[in-house]
Each structure stands twice: as structure tokens, then as C-alpha cells.
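Going by the working numbering, the sequence shown opens with residue 54, and the numbers climb by one from there. C-beta: ideal position from N, C-alpha, C; glycine also. Some notes on the structure that comes next.
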Amino acid sequence: MTDTRATEIAAPEIAVRLFAGAAAEFGADEATVRARTVGELVQALTAGASPEATRVIGRSSLLVDGVACTDHGRALGPGTRVDVLPPFAGG
Numbered sequence: 054m055t056d057t058r059a060t061e062i063a064a065p066e067i068a069v070r071l072f073a074g075a076a077a078e079f080g081a082d083e084a085t086v087r088a089r090t091v092g093e094l095v096q097a098l099t100a101g102a103s104p105e106a107t108r109v110i111g112r113s114s115l116l117v118d119g120v121a122c123t124d125h126g127r128a129l130g131p132g133t134r135v136d137v138l139p140p141f142a143g144g
């Protein structure tokens, strides 16, 4: 049997900026999470969050280093910044 722990890549720390309703739900406008992909980042943000905070994240646009991203499999690396932009004006 092979020990895969040595080959696992540690998840980098990702800077997250939360705007509008996301910031209100999380009580902060910034967070740092460990994640290797956008999907892991969403899971890390919503783990233990309120149902409303989880709903807001699910409806939000995600910008990875300033570029819109819908691919939850997109890899994240050290120094990456993710912005969470909820829909505005009831959108």
C-alpha cells in the first residue's frame, strides 16, 4: 500500500474579499481560507455558515484575480485573491 500523504499538496492561503450582502452575512469584508480550487474555497467559506450566508455565496459572482470565474475546478495558488460579489439590486 502506498502512503499518499507525502504526495498531497498543501492548500495555499487564499485572500477573499466579501462585498455587500456577503460582507453583511459574514460580518467581515475580508477572510482568509485554505483552498486548492474555487470549489474548495466555496466549501471553506460556507462550512458552518448560516443558511442565508450559504445562499448568498451560492448566488454570488466570484472573481479570481479580477476575472469572473464559474469553474469550481479552477486551481488556486499562493497569492491568489478571490472577490465575492453578490447580486445587486435584487438581481
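Alpha carbon of residue i to alpha carbon of residue j, nearest angstrom
{"i": "Leu129", "j": "Thr123", "result": "13 Å"}
{"i": "Gly80", "j": "Glu93", "result": "21 Å"}
{"i": "Thr90", "j": "Ala100", "result": "15 Å"}
{"i": "Phe72", "j": "Ala106", "result": "12 Å"}
Of the listed residues the options, nearest to residue i (C-alpha basis)
{"i": "Asp136", "options": "Ala97, Val69, Val109 and Ala88", "result": "Val69"}
{"i": "Gly111", "options": "Glu78, Pro65 and Ile62", "result": "Glu78"}
{"i": "Gly119", "options": "Gly132, Leu98 and Arg87", "result": "Gly132"}
{"i": "Phe121", "options": "Pro139, Val109, Pro104 and Arg108", "result": "The question names Phe, but residue 121 in the sequence shown is Ala. The shortest C-alpha separation from Ala121 is found at Pro139."}
Residue range of the unbroken beta strand (DSSP E) whose run includes residue i
{"i": "Arg108", "result": "Not the beta strand (DSSP E): Arg108 falls in the alpha helix (DSSP H), residues Pro104 to Arg112."}
N-terminal and C-terminal residue of the alpha helix (DSSP H) that residue i is part of
{"i": "Ala97", "result": "Val91 to Thr99"}
{"i": "Ala68", "result": "No alpha helix (DSSP H) holds Ala68; the beta strand (DSSP E) holding it covers Glu66 to Leu71."}
Strand pairing of residue i, partner residues [DSSP]
{"i": "Ala121", "result": "Leu116"}
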